[in-house]
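Chemist: Below you'll find the structure I mean.
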Amino acid sequence: MSSKDEKNLAQVIEKISHMDEPRRSVMQQVHDIVMAAAPDLKPRIWYGMPAYAKSASTPALVTLRNDERLNLAITEKADFRPAGGVDGNLMPAAWYFETVDAVTEKRVAEIIRSVAD
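The numbers in my numbering rise by one with no breaks, and the one at position 18 of the sequence shown is 34.
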């Protein structure tokens, strides 16, 4: 990991560490899921929130937000795919969550891998 990557990771960890509980623990858990699902993604702060990109100098593909609700979002820089089925040509791009259970963890990992590939 380059020194810029290390600095960016430290900034993401610091941002999460300043969140109030229980959100801090949930966001740390989601950060850990993202890093396990796509270890090549580079964490960094993007628009004031944790984000993940293919390199320190490319646009973020995924963001985590701590607003009224916790949010995982795919940015417009990622390749979108129509959902199909009942959602037809709609392209899912954001998911809200309050906690992370086993089902949510699995789905977050799938979303991250789909963006990172």
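Beta carbons: idealized from backbone N, C-alpha and C, even for Gly.
1) Sort LYS31, GLU37 and ASP21 by Cα distance to TYR63 and report the nearest one.
2) Could you check if ILE127 belongs to the surroundings of the ligand FAD, using beta carbon to heavy atom distance under 7 Å?
3) Report the start-end ranges of each beta strand (DSSP E) in the segment 25-98 that is 3 residues or longer and not cut off at the edges.
4) Residues in the same chain with beta-carbon distance under 8 Å from MET107, minus the five sequence neighbours each way, listed in chain order, please.
5) What does the alpha-carbon distance come out to for the pair ARG85 and ARG40?
6) Could you check what DSSP says for ALA132 in three-state terms: helix, strand or coil?
7) Since ALA110 sits in a beta bridge, which residues does DSSP pair it with?
8) For VAL42 and VAL116, which I take to be in contact (beta-carbon distance under 8 Å), what is that distance rounded to the nearest angstrom?
9) DSSP state of ALA115, grouped into three classes?
Modeler: Here's the rundown:
1) Working through the sequence shown from its first residue, we reach residue 63 at position 47. Measuring from the Cα of TYR63, the nearest candidate turns out to be LYS31.
2) This structure lacks the ligand FAD; in fact it carries no ligand of any kind.
3) 58-62, 65-69, 78-82 and 86-90
4) Start at 1 with the first residue of the sequence shown, and residue 107 comes out as number 91. Answer for MET107: PHE96, ARG97, PRO98 and ALA99, listed in chain order.
5) On the sequence shown, position 69 is the one that residue 85 refers to. On the sequence shown, position 24 is the one that residue 40 refers to. Rounded to the nearest angstrom, the two C-alpha atoms are 13 Å apart.
6) Along the sequence shown, one-based indexing puts residue 132 at 116. Three-state result, ALA132: helix.
7) Residue 110 sits at position 94 when you count from the first residue of the sequence shown. For ALA110, which the question treats as bridged, DSSP gives the partners ALA89.
8) Locating residue 42 in the sequence shown gives position 26, counting from the first residue. Locating residue 116 in the sequence shown gives position 100, counting from the first residue. With a Cβ gap of about 6 Å, VAL42 and VAL116 count as contacting.
9) One-based indexing of the sequence shown puts residue 115 at position 99. The amino acid at residue 115 is misidentified as Ala; the sequence shows Thr. DSSP places THR115 in coil when its eight states are reduced to three.
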